[in-house]
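Let me begin by presenting the structure, written as structure tokens, before commenting on it.
In full-length UniProt numbering, the protein residues as written are 1 to 153.
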């Protein structure tokens with residue numbers, strides 16, 4: 001049994017400083033689809049990238065998952081993965097906290113995420129991002145979002 005499969009029976013999983021291949025991300029997606037206990041997933045400090053995070057998001061949006069807290073720190077993500085993250089935001093009604101700090105999602109990516117946050121089915125309560133690299137217009141949109149979803153950012 002791999003390290004990825006081992007997390008399926010725990011309430012908290014952490015995959016840090018390990019190299020996740022495409023195959024292990026597909027496996028992680030399967031774990032997310034069937035796990036009844038996993039509430040928190042921490043993935044950080046490795047080159048996950050946009051394609052691999054797509055697999056992870058597929059695991060979140062294929063069923064009503066149990067993951068409430070998803071942390072994707074320093075995973076080499078760009079704006080390309082934001083539509084997948086957005087889909088996960090409004091299809092996974094359990095997801096409450098998303099932290100994708102230290103990733104270069106950019107203005108376009110964050111605008112896509114904002115659209116997902118506006119969806120009535122999005123239950124996210126906390127979003128952690130790096131706002132230092134956003135232009136003023138994107139920053140204003142994020143601030144406007146706080147009116148409808150206080151405390152989200």
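The C-beta atom is built at its ideal place from N, Cα and C for all residues, glycine as well.
Simplified DSSP state of residue 72, which is helix, strand or coil:
Your numbering for residue 72 matches position 72 in the chain shown. Strand.
Going along the chain, which unbroken runs of the beta strand (DSSP E) with 3 or more residues stay wholly within the region 10-71?
Segments of the beta strand (DSSP E) lying fully in the region 10-71: 12-16 and 40-44.
When we look at the beta-carbon of residue 92 and count the other beta-carbons within 10 Å, is it buried (16 or more) or exposed?
Within the chain shown, numbered from 1, the residue matching residue 92 stands at position 92. Buried is the call here.
Is the beta carbon of residue 134 less than 8 angstroms from the beta carbon of residue 89?
Here residue 134 is taken as the residue at index 134 of the chain shown, counted from 1. Here residue 89 is taken as the residue at index 89 of the chain shown, counted from 1. No, the pair does not count as a contact, with Cβ atoms beyond the cut-off.
So, is residue 13 buried or exposed, given that buried needs 16 or more other C-beta atoms within 10 angstroms?
Working through the chain shown from its first residue, we reach residue 13 at position 13. Classification for residue 13: buried.
Going by C-alpha to C-alpha distance, which of 59, 153, 43 and 106 sits closest to residue 82?
Taking the first residue of the chain shown as position 1, residue 82 is located at position 82. If we check each option's Cα against that of residue 82, 106 comes out closest.
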